[in-house]
Amino acid sequence: MRCAGHLKLYNLCLLVLSSSALADQLEFNRDIRPILSENCFHCHGPDKETREAKLRLDTREGALKMDAIVPGKPDDSEVIYRITTDDEDDLMPPPGHHLELSKKNIATLEQWIKEGAEYQQHWSFEQPKVSENGKLSEIIDTEIQKHLKNEGLKPSPVANRESIIRRLSLDLRGLPPTLAEIDAFIADQSLDAYEKLVDRLLATPQTAERLALDWLDVARFSDTNGYSIDDHRDMWVWRDWVIHAFIKNKPYDVFLTEQLAGDLIPNATPEQMMATGFLRNSMNTHEGGTIAEEYRVAYIADKIDTVSSTFMGLTMKCAQCHNHKYDPISQKDYYRFYAFFNSATEHGKGATNGNTAPFIKVKSPLHKISDAHKALTERAERIRELRNNLKNIDPEKFASWKAGILAKAEPARKEQPQSGFRFPEKKKAEWLWSEKSGATERILIRTTANVSKGLMAAHVFFTCDNSADFYVNGNKLAYVDPWMEPKTVNITAHLKEGKNIIGADALNAGGVAGFIAWVQLDYQDGKTDYLVTGPDWQWKVPGSEKLAPQFSGKAGWKAPVSLGKHGVAPWGQLKARKGVPADRRLATILRNDPKSRTQEENKLLSEAFLKNSSPLAKRFHKSLGVELGVIEKQLKDIGKTTVMVMDSPGKRKTHILMRGEYNKPGEEVTAGVPDLFTQLPDDQPADRLALARWLTSPENPLTARVAVNRYWQLIFGTGLVRTSEDFGSQGEWPSHQALLDTLAVRFRENGWDVRALLKEMVLSNTYRQRSDIPLQALEADPQNRLLARAPRTRLPAELVRDNALAISGQLNYQIGGPSVFPEQPDGLWRQVSHFGYGTFTAQAYYSDTGGQNTRRSMYTFWKRTSPPPSLSIFDAPTRETCTVRRLQTNTPLQALVLLNDPQYVKAAGALARRMVDEGEKSVKDRLSKAFRLATARLPKSDELEVLTAAYEREKARFTSDTAAARALLLESGNTGDDPELAALTMIASTILNLNETITKQ
C-alpha cells in the first residue's frame, strides 16, 4: 500500500501543524462532506453513470472498499496518498479537473480518518430537534451568543431608536418610517413600546406586500410568457391572491397546499383554484415550429425545479438526465416526482397574447373593480395616444417622411374645371343649368325617369381644385376633401318621393394648388364615407353593355347619373394608381398639434405613413392595436379576470425520459417522493394534494427548515444556511444548526404562523444590535455569519425605488391590481421584441402617466426577456426561473441610475418641492428635514455644513444660468427657473444617492 510518506518535508510539517489546530471532534456533515462533495462526488458519488474505478466516497461502505479509507490509519488510506502525491498520474482530483484541495482540507481529512472516519446521513435529511425550550426570541439570543463566545466575540450594543425603527420598517414594510412614526416611537417610553411597534407594522398591508415581493421571485411571477416572443399574460390576480394571503396571515402549510393543489381540495373555492397559478407561472411558447410535447416536458421540469427549490431546498433538476451527482436522488426519483404534475392538461404550445388553458375567470380578492376599471381605462387611452403618435412607431423613418411631406406640399399645376356637361343619349337625364361665378360652378341635373318613392343612387364625377360639397334637394350631405386617400367610394343618397334634383358644388379657391379630382360618392343607410383621388388616376371603361343603365319604375330602384370631364362620359370606375393621400392634406395635419387631431386625421396619417414604412414598423403598429384590443376585452370582463390554474382531468402515463429527452421514454413509473424520505401513505391517491400533505407533515425534515431559513434571510440578510436554495451536499453547512432546527420545529408546532415567526426574530436582541463593525469582529467574521453586529445590506432593487418615492412624497399606496408601467427608456423592448410571423402584445414599452407611475415597484409590468432596467441593475432577476436567493453586485451603473434615471430625477424634484412646501423657512431646516426623511436621523453638524455649502454653490450656478435651472426643473417635474428650487433639487438628488439612504443598517 502506498502512503503519504511521499510528501515533501515542508508539506508534512504543514499538515502536522494544521492537524494540531483541529482540537474539536470533527463532524462528517459539517467538516468532511463539503470537501468530498466539492472535490470527489462528481466521479465517486451517487451517479453510477459517471462513477470512476467503481469507487464511492459518498457512503462509508463504498469508501472502505479497496482500502480507499482505512479507519484510524490515514497513512494506509489510498485517499490520502492520492490527494498528496506529486505524481500527476495518480493525483486526485486530476489536474485537468481544475480542482485542488487546500492544505487545511487535507489535514482535516487526515484527522477525520484518524478519528475513525465515521459517516453521517446528510444533516438536512435528518429530523430537526429542539435544542431548548422557552421564548423564541430569547433562544435566538442564547444560540447566537454561544457561538460568539466560542470565537471570543461579544454582541454589539442595542442601536438607537431612530436606527431601530428605520431598520424594522424597511425589513417588514419595505418602506421607510414617516417622521411622525419616528417621533411617536421616540416619545413612547413604555416598556413594551418596541413590541407595540412590531405588532403595528406586522399588521399593515405594506408588510404583506413586502413578503409577497420575495414570493414573486420564488414563484417566477411575470406578466409575459417568456421565450423569444414573450407576449403578455394575465396573472396579476394571482399576485393579488399572494398579497391577500399575507394580509390574512394564512398559515404557511395552507399557503403551500393551496398553491400546489388548491384545485384538488374537496369543494375547492375559486380562490383555492386560483392559488395554483403558482405552478402555472412557468414560461410557455407558441412560436412557429414548436413541438408541443417537447415544451410540455420543459414546463413540468420547471415546476419540479420550483417546487423542490422552494419547499425542499433541493436541486432535483440535476437528476432529470441522470442520477444526481451529489445528493442521493436518482433519475427514477425525479420522474416519480414528475408524475405529480404530468396529468394536467396544460398544452406545450401556448395561447397567443394571453393565457394558456386551463384557466378560470375570478374576481381579485383584493382589488376593487372600480380601481381596476380606472387603471385599465387609463392604459387604453395611453395606448391609443401612442398608436396615433407615429414617431413612436419608427422614429427615424417618421422624421424623414414628415420632412419629405412638408417639402413636397408646394403649389401644383392649376387646371380649370369644366363648365358644361352632356349625358349619354340613352340616359333619360337632362342638364338643367350650369353657371360659373368667380370660384364657384354650380351644376344642376334632373332625371326624367318616373321616381315615385324609395332609394335613388347618384354617382357623380366632377373636377375641382380644392373641395366640393354634395347636395340633395338643397341639403348638404357631405364635404368632399381632395386631400383624403384616393380610392373608389360609393354614396347612396336618400331622395324624397317624386323629387329628383341633385346638385354638386365645385369650389375653386384662388391661389390654392389645384388638381383634377374624380369622385364617386355613395351613402349607405345614412352613413357617410368619402375619399377623393389625387392627380394620379386611371379611367377604366367597362364593356359596352354597361353604357346605358336600366331604369325601373318600381319602388326602391336606383337611378345613376354621370358627369364626364370632357362632355359625354362612358360609365366606368375611377381607381388611383398610387394609394397615398395628397401631400398637401398630410402637410396640413402634420403642422397641427398632435393633441388636436381628430381620430380620422390620425388614421389617415397612420395609413399613409405605414405604406412607406418597414414591415417591422407595420407589425409594431398593428401590435399596439392588438394590445388595445386585449385591454378592451379586459374592460369588458372587468368583474372577473382570467388566471391560469392547474387541473388533473385524468391519468397520463409517466416514463423515465432517457437523458431527459421528451421523445425517448423508458421505464414507466408512478408518482412518489425520493426513496431517501418517508414515503406517501398507500391508502391515498398519489396526487399533488398528497404531495402537499407530505411536504407539510411532521415526518418531512426539510419544509419547515427551508421556510424558516428564508424568513431569516429576509430579516438578517443571509440565511442560517447561506445557500437557501440548496440544502443538499453542495449547499453550505448551517452557521447555527441547533437554532435552525429549533425555529423549524417551533414554526411547525405554532401552526406555521409566519407573522409570529417574524415577530420573534425582530424582538431578539440580536436583531436590535448596532450595525457598526468592530475591528475584532471584522477580522474574525468578515461576512458577519456569527452576528456580532446587526447586518448592513443594500436594499433590494424594488425597495431602492420605493424608498425614493416614499421619501419624496410621491408613492402611490394603492394595494393590488393590474401591473403598471413606470418610466423606462422608450424602445428598450424593441431590442428583444419579436414581430416575426404574427402580431403580439408586450413588444414595445410605453410608460403610464399620472399616479400609476409611482405605484410600488412590485406592481411594475414584468417582461422576462427585458425586466425593468432600473431594477435589473440592482440585481432583480428575470423570473424566467425560480429565484430563492438574489445575488448582490456593486457596479458604477447603479450610481448612474440613481443620478440620471428619470424616476429618480423626478423624486429629487418632488423632495425639493416638499422641502419648500412643508413649512421650513431656513435652508438648514429644509436640508435637515430632507436628510431625516431619508435616514430617520438628523444630520451631524459637519454633514449639514457639507450639504449647505453644496446648496450655496448650486444656487450661485443656477442664478447665473437660468436656462440650466429651467431645464433641471422641467426634467424633475417642476416649472420655472427658480435657482433656489433648482439648488434644492440637486441636494435632494445627493441625499437620495447617499449610501445610508439605500442601505438597511
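Here the numbering used here is used: the first residue of the sequence shown is 1245, the next is one more, and so on.
We put the beta carbon where it would ideally sit given N, CA and C, even for glycine.
For residue i, which residues in the same chain have their Cβ closer than 6 Å to its Cβ, ignoring the five residues on either side in sequence?
i	result
Q2096	V2064
V1998	Y1496
To the nearest whole angstrom, what separates the beta carbons of residue i and residue j, a pair I think is in contact under 8 Å?
i	j	result
L2001	F1991	5 Å
E1199	K1897	There is no way to answer for residue 1199, as the model of the chain reaches only from 1245 to 2245.
R2012	A1403	6 Å
S2101	D2046	6 Å
E2164	K2173	6 Å
N1525	N1469	That belief does not hold up - the Cβ atoms of N1525 and N1469 are roughly 10 Å apart, past 8 Å.
F1384	M2005	The amino acid occupying residue 1384 in the given sequence is Ile; Phe does not appear at that position. I1384 to M2005, Cβ: 7 Å. Contact.
Nearest-angstrom Cα distance between residue i and residue j?
i	j	result
D1474	Y2089	13 Å
E1622	P2040	29 Å
P1925	M1560	22 Å
T2133	K2244	16 Å
L1958	I1408	16 Å
P1825	R2074	With a pLDDT of 42 at P1825, under the threshold of 50, the predicted position of this residue should be treated as unreliable, though the coordinate-derived value follows. Between P1825 and R2074, the C-alpha separation is close to 29 Å.
L1423	S1413	12 Å
S1608	L1849	40 Å
T2229	Q2068	21 Å
T2127	F2105	18 Å
F1642	F1853	7 Å
E1354	Y2103	55 Å
K1347	R2029	24 Å
Q2087	A1431	53 Å
A2024	S1979	14 Å
R2201	A2156	17 Å
L1443	I1487	The identity of residue 1443 in the sequence shown is Asp, whereas the question assumes Leu. Approximately 18 Å between the Cα atoms of the pair.
R1580	A1948	23 Å
With residue i as the anchor, note down where its beta strand (DSSP E) starts and where it stops.
i	result
H1899	1898-1901
E1911	1909-1913
F1603	1603-1606
V1889	Neither: V1889 is in no beta strand (DSSP E) and is coded neither H nor E.
Go through its chain and collect everything with a Cβ distance to residue i's Cβ below 7 Å, but skip five positions before and after it.
i	result
G1904	Q1564, C1565
S1973	R1277, S1281, F1285, H1366, Y1570, D1571
V2167	T2192, Y2195
S1796	At S1796, the pLDDT of 27 sits below 50, so the modelled position is not reliable; the number obtained from the coordinates is stated separately. None.
N1953	G1963, L1964, V1965, S1968, L1984
Q1389	P1399
A2021	L1397, A2032, R2033
E2215	V2149
A1437	F1429
P2062	W1480, A1616, A1619, L1620
For residue i, count neighbouring C-beta atoms within 10 Å of its own C-beta (all shown protein chains included) and say buried if the count is 16 or more, exposed if not.
i	result
K1492	exposed
K2076	The amino acid at residue 2076 is misidentified as Lys; the sequence shows Val. Its Cβ having fewer than 16 others within 10 Å, V2076 is exposed.
P1942	exposed
L1775	Any reading at L1775 is ruled out, since the residue's pLDDT is 27, under 50, leaving its predicted position unreliable.
Y2057	exposed
L1920	exposed
R1835	exposed
R2123	buried
R1454	buried
A2227	buried
M1518	buried
Tell me which residue opens and which closes the alpha helix (DSSP H) that residue i is part of.
i	result
V2044	2041-2052
M2159	2146-2161
T1501	1496-1505
M1517	1514-1519
G1594	Note, G1594: premise wrong, no alpha helix (DSSP H); not H, not E.
I1491	1480-1491
K2003	1998-2007
Tell me which residues share the same chain as residue i and place their Cβ nearer than 8 Å to its Cβ, disregarding the 5 neighbours each side in the sequence.
i	result
A2276	Limits of the chain in this structure are 1245 at one end and 2245 at the other, which puts residue 2276 out of reach.
D2205	none
P1909	H1899, I1900, L1901, M1902
Q1923	G1916, V1917
T2093	E1622, R1626
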